[in-house]
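J.:
Chains as they are written, first to last, in the working numbering: chain Y, 1 to 424; chain Z, 1001 to 1324.
1) Scan the segment 1095-1115 of chain Z for residues whose Cβ lies nearer than 9 Å to a Cβ of chain C and list them as they occur along the chain.
2) Looking at chain Y, is there any beta carbon in it that lies within less than 8 Å of the beta carbon of residue 1069 of chain Z?
3) Run down chain Z in chain order and give the residues with a C-beta less than 9 Å from the C-beta of residue 19 of chain Y.
4) Which word fits residue 175 of chain Y, buried or exposed, when buried means at least 16 other C-beta atoms lie within 10 angstroms of its C-beta?
5) Counting only the same chain and skipping the five closest in sequence on each side, list residues whose C-beta sits under 8 Å from that of residue 1115 of chain Z.
6) In whole angstroms, what separates the C-alpha of residue 193 of chain Y from that of residue 410 of chain Y?
7) To the nearest angstrom, report how far apart residue 138 of chain Y and residue 111 of chain Y are at their CA atoms.
8) Smallest Cα separation from residue 291 of chain Y: which of Y/310, Y/270, Y/307, Y/256?
9) Going by DSSP, what residue range makes up the alpha helix (DSSP H) through residue 1095 of chain Z?
10) Which partner residues of residue 1277 of chain Z appear in the DSSP bridge assignment?
11) Against chain Y, with Cβ distances strictly below 8 Å, would residue 1031 of chain Z count as a contact?
12) Got a sec? Which residues, its chain only, sit under 6 Å from residue 1161 of chain Z by beta carbon, not counting five neighbours each side?
13) Quick one: any contact between the segment 1063-1070 of chain Z and the segment 1087-1095 of chain Z, if contact means 3 or more CB pairs under 8 Å?
14) Output the boundary residues of the beta strand (DSSP E) element that contains residue 1152 of chain Z.
15) Taking DSSP as the reference, what is the three-state secondary structure of residue 1080 of chain Z?
16) List the residues of chain Y whose Cβ lies closer than 8 Å to the Cβ of residue 1123 of chain Z, in chain order.
17) Using the Cα positions of residue 68 of chain Y and residue 62 of chain Y, report the straight-line distance between them to the nearest angstrom.
18) By DSSP, does residue 319 of chain Y sit in helix, in strand, or in coil?
19) Compute the Euclidean distance between the alpha carbons of residue 312 of chain Y and residue 331 of chain Y, then round it to the nearest angstrom.
20) Which parts of the segment 216-242 of chain Y are runs of the beta strand (DSSP E), unbroken and 3 residues or longer, counting only runs that do not cross its ends?
21) Can you give me the Cβ contacts of residue 1222 of chain Z inside the same chain, cut-off strictly under 8 Å, excluding the 5 residues immediately before and after it?
22) So is the beta-carbon of residue 220 of chain Y under 7 Å away from any non-hydrogen atom of the ligand GTP?
23) Please check if any C-beta of chain Y sits within less than 8 Å of the C-beta of residue 1286 of chain Z.
24) Since residue 401 of chain Y and residue 309 of chain Y are thought to touch, with beta carbons under 8 Å apart, how far apart are those beta carbons, to the nearest angstrom?
25) If the cut is a Cβ gap below 8 Å, which residues of chain Y does residue 1027 of chain Z touch?
26) Suppose the cutoff is 7 Å on Cβ atoms and the five residues either side in sequence are ignored; what does the same chain contact list for residue 133 of chain Y look like?
27) Considering Cα atoms alone, identify which of Y/71, Y/77, Y/158 is closest to residue 123 of chain Y.
28) Using a Cβ-Cβ distance under 8 Å, would residue 393 of chain Y count as near chain Z?
29) Please state the DSSP three-state secondary structure of residue 187 of chain Y.
30) DSSP puts residue 1307 of chain Z in a beta bridge; with which residues?
31) Looking at residue 1052 of chain Z: is its Cβ nearer than 8 Å to the Cβ of residue 1069 of chain Z?
32) At a CB-CB cut-off below 8 Å, which residues of chain Z make contact with residue 230 of chain Y?
33) Tell me which residues share the same chain as residue 1217 of chain Z and place their Cβ nearer than 7 Å to its Cβ, disregarding the 5 neighbours each side in the sequence.
34) Here's the rule: buried if 16 or more other CB atoms are within 10 angstroms of the residue's CB, otherwise exposed. What is residue 242 of chain Y?
35) Let me check one thing: in DSSP terms, what residues is residue 117 of chain Y bridge-paired to?
36) Can you name the residues that DSSP bridges to residue 1034 of chain Z?
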């Protein structure tokens, strides 16, 4: 009874595959996820960019800011700096000298909504560098930051002018630094760490999400066949091994199809949009990263789907399986919590250890590969451990599956499970 | 037998004594099969044979071990001891291509269409897609469900699903057909339809095993039976022999007068008196003619009939006897 027919596995996998690919939920998640994820990433960027440009103000008019100061030169330096800042639409004006009457006048303008706010730079404020910006609307942090930058610049420039520097000197001295991080060991192309982390995060989110959802899909599918007694009909024609293998391969192919669709969409986007293309080149989302992703996805899926298949065979309903599901996905939850620590210190002993641990390595070793080149032996060892664990888990799950799919009613105790393992 | 069960009247042939056609290998042979789950013995030292071109009834109350027996017969589970032979050879997975199985509950994918379900099962049983489609069409026409082939299973009534399941079991033209409660949930018209199909299959040389707790349903259909209770065989053999062995003992009398005179009659083993109708089981050596003479002395007998016992009656008597 130990004949194993690839042909039957193929038939079973094919059914599983087409049954799932044809569903509306598959199409929806395949096409809606990138859109949602794009919206999730792009919207905040769009909003902050348009805020910086003043687009999201009540009206299209630029923000009018008054700088009131007894030292007209200082005020004008600040005003000029504020106007020069890139992508802003501010309209600063200077009031000098700053008299109590002007103060009242400014409050009236503020009440009437003629101005966005004013900076009151009297003697004590200049001495302490503690400046108050009175505004009708709190929370425009971009304006506040820009204003602060402009005032800091003005104080420094004013002091330099007082000490006899030329305006050219001032500009040259106070020119801000433009910092660019470059990834070591790779081509010297510029590497934007923030965006790089974002792409790695997206890839790992996709990996986590897919491992979980397709693992659970295997579990549900096993339960469905068990509760509708299809299993009995199938077992007459195919062995439990063939069934489980076909089911895992078929469902896994659905996951791969979805990921392939997403990659294709990204590639299509890159071919159409210069922005996407340059982003991907800059981020080094090269073929090797994609290959690593697919390899770790497949291995991670095999590991988790085998466990989920066994859980599906043990229990009769999703509700019953709930608490065990939590135990199973615990390593994945832990791995997602370790994503940031591993990103910041990818070669620390803890990072190395967790990226070798087979239940976390699909996520964390992939992450280390993405952010930094780990030593080859670590990659090899993590793959070896992962494959060995998959073998062991498949063996145990296969035994549980074989017996579990024919057991109805009461769910088994741990002791009964161990008996299944021994007698299967 | 070997299990120490002593069925009534020597009406049972020991397993080794089946003589239908010894030249041809039996389709199924169970030899001293035992299966237990944990501490519970589901099947206990069970032996029987199903010859080719026969309908065999595996009967017994719920929980008697029928499904466990079937599962071992079709290789879903392995016996703890004993052996199962199909088509004259020890059970191999390859032999499953020659077996059609209808499980007790519906085993179809609810969201798939009837046609896709059947093609899938046909392919697993080794048919090509084209052959599967051809046969599905033929069966669908024969069972009058051609309009339903493109519908999803979940849209079908229970009886309709049972018909689909029936086709699924027969699609690959198996030599052995195993059916667990095949008529459950079917109306009389559909029951007749499927019964006709099965009789036709037997004529075509197929062996059919029925498993059911509804003994009345298979009584007219089976050539031979095995009655099991608590995993053990309590009675087996050809139906005619069993009935003959237990026959001439059941009598019905319609009468006028005082039925009290029947009570205490030394010929009667048990009596069920309805006032002007009595159902009687005679003692094993009693002669019905003798009872008639006695009855006519005290009563005005309107009808006196010696009955063939129903399987159910035989079973109840056996089980009652065993418990004593």
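Cβ atoms here follow ideal geometry from the backbone N, Cα and C, with glycine treated the same way.
Source: prediction; values computed, not measured.
T.: By the coordinates alone:
1) You won't find chain C in this structure, because its protein chains are Y and Z.
2) Chain Y contact via Cβ: absent.
3) Neighbourhood of residue 19 of chain Y in chain Z, by CB distance below 9 Å: 1109, 1111, 1112, 1116, in chain order.
4) Answer is exposed; the Cβ neighbour count stays below 16.
5) The answer, listed in chain order, is 1133, 1136, 1149, 1150.
6) Here the model assigns residue 193 of chain Y a pLDDT of 49, short of 50, so the residue's position is not dependable and the matter cannot be decided.
7) Here the alpha carbons of residue 111 of chain Y and residue 138 of chain Y stand approximately 14 Å from one another.
8) Closest in alpha carbon position to residue 291 of chain Y, among Y/310, Y/270, Y/307, Y/256, is Y/256.
9) No alpha helix (DSSP H) contains residue 1095 of chain Z, which DSSP labels as neither H nor E.
10) In DSSP, residue 1277 of chain Z forms a bridge with Z/1254.
11) It does not; no Cβ of chain Y falls within 8 Å.
12) These residues qualify, in order along the chain: 1106.
13) Output reads no: the segment 1087-1095 of chain Z does not touch the segment 1063-1070 of chain Z.
14) Element bounds for residue 1152 of chain Z: n/a, residue is neither H nor E.
15) Coil at residue 1080 of chain Z, not helix or strand.
16) Under the 8 Å cutoff, chain Y gives 11.
17) Rounded to whole angstroms, the gap between the alpha carbons of residue 68 of chain Y and residue 62 of chain Y is 19 Å.
18) Helix at residue 319 of chain Y.
19) Cα-Cα distance, rounded: 19 Å.
20) As for any beta strand (DSSP E) of minimum length 3 sitting wholly inside the segment 216-242 of chain Y, there is none.
21) Take residue 1222 of chain Z, set aside five residues on each side of it, and the residues of its chain with a beta-carbon closer than 8 Å to its own are 1055, 1056, 1057, 1210, 1239, in chain order.
22) Looking for the ligand GTP in the displayed structure turns up nothing, as the structure carries no ligands at all.
23) Using a CB distance cut-off of 8 Å, residue 1286 of chain Z does not count as an interface residue toward chain Y.
24) Contact between residue 401 of chain Y and residue 309 of chain Y holds, with the beta-carbon distance rounding to 6 Å and staying under 8 Å.
25) For residue 1027 of chain Z, no chain Y residue has a C-beta closer than 8 Å to its own C-beta; the minimum C-beta separation is roughly 16 Å.
26) Only residues of its own chain outside the window of five on either side were considered, and among them 117, 119, 144, 147 have a CB closer than 7 Å to the CB of residue 133 of chain Y, listed in chain order.
27) Nearest C-alpha to residue 123 of chain Y: Y/71.
28) Residue contact with chain Z for residue 393 of chain Y: absent (no Cβ-Cβ distance below 8 Å to any residue of chain Z).
29) At residue 187 of chain Y, the pLDDT of 43 sits below 50, so the modelled position is not reliable and the matter cannot be decided from this model.
30) DSSP lists Z/1250 as partners of residue 1307 of chain Z.
31) For residue 1052 of chain Z and residue 1069 of chain Z, no; Cβs fall outside 8 Å.
32) Per Cβ cutoff of 8 Å: 1107, 1108, 1109.
33) Result list for residue 1217 of chain Z: 1183, in chain order.
34) Around the Cβ of residue 242 of chain Y, a 10 Å sphere holds 16 or more other Cβ atoms; the residue is buried.
35) Residue pairing from DSSP places residue 117 of chain Y in a beta bridge opposite Y/65, Y/135.
36) Beta bridge pairing from DSSP links residue 1034 of chain Z with Z/1081.
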